[in-house]
Amino acid sequence: VQLQASGGGLVQPGGSLRLSCAASTSILVINRMAWYRQAPGQERQLVASITNKGSTNYADFVMGRFTISRDNAEDTAYLQMDSLKPEDTAVYYCNARVSLLGRDYNYWGQGTLVTVSS
4 VQLQASGGGL VQPGGSLRLS CAASTSILVI NRMAWYRQAP GQERQLVASI TNKGSTNYAD
64 FVMGRFTISR DNAEDTAYLQ MDSLKPEDTA VYYCNARVSL LGRDYNYWGQ GTLVTVSS
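Here the sequence shown is numbered in our numbering, starting from 4 and rising by one per residue.
Written as structure tokens, this is what we have:
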């Protein structure tokens, strides 16, 4: 599975961005898609995830501001980010998890930089 992330950029505090993660295969075979982020000097952390059944999970620090979704027809997952704060500045990575015969296989996109600054 290859993932292509896009949509990052520079935005002012309070602004919005939408990240996209296009998969090279049908996302119907992907059990979970997720977005992680990593700020300079910090560990990578889970931002949001969505299963192939549509169940979503969010980190507390983005709850109510970010929305994860998936378009099965386009084999793409999205992260709508609203009310952005400077502390949201990070490289955002798309992740796909495929569960097969009791094992999880994780795939990563290349990362897209989000900078929130005035």
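From the three backbone atoms N, C-alpha and C, an ideal C-beta is built for every residue, glycine too.
Of Ser86, Leu104 and Ser72, the smallest CA-CA separation from Cys97 is found for Ser72. Burial is judged here by how many other beta carbons sit within 10 angstroms of a residue's own beta carbon; Ser120 has fewer than 16 and is exposed. With a beta-carbon spacing of about 20 Å, Val4 and Val94 fall beyond the 8 Å limit used to define contacts.
The beta carbon of Ile53 is closer than 6 Å to those of Met36, Thr59, Ile71 and Arg73 in its chain, skipping five residues each way along the sequence.
Thr79 is positioned such that its CB atom lies closer than 7 Å to that of Ala25.
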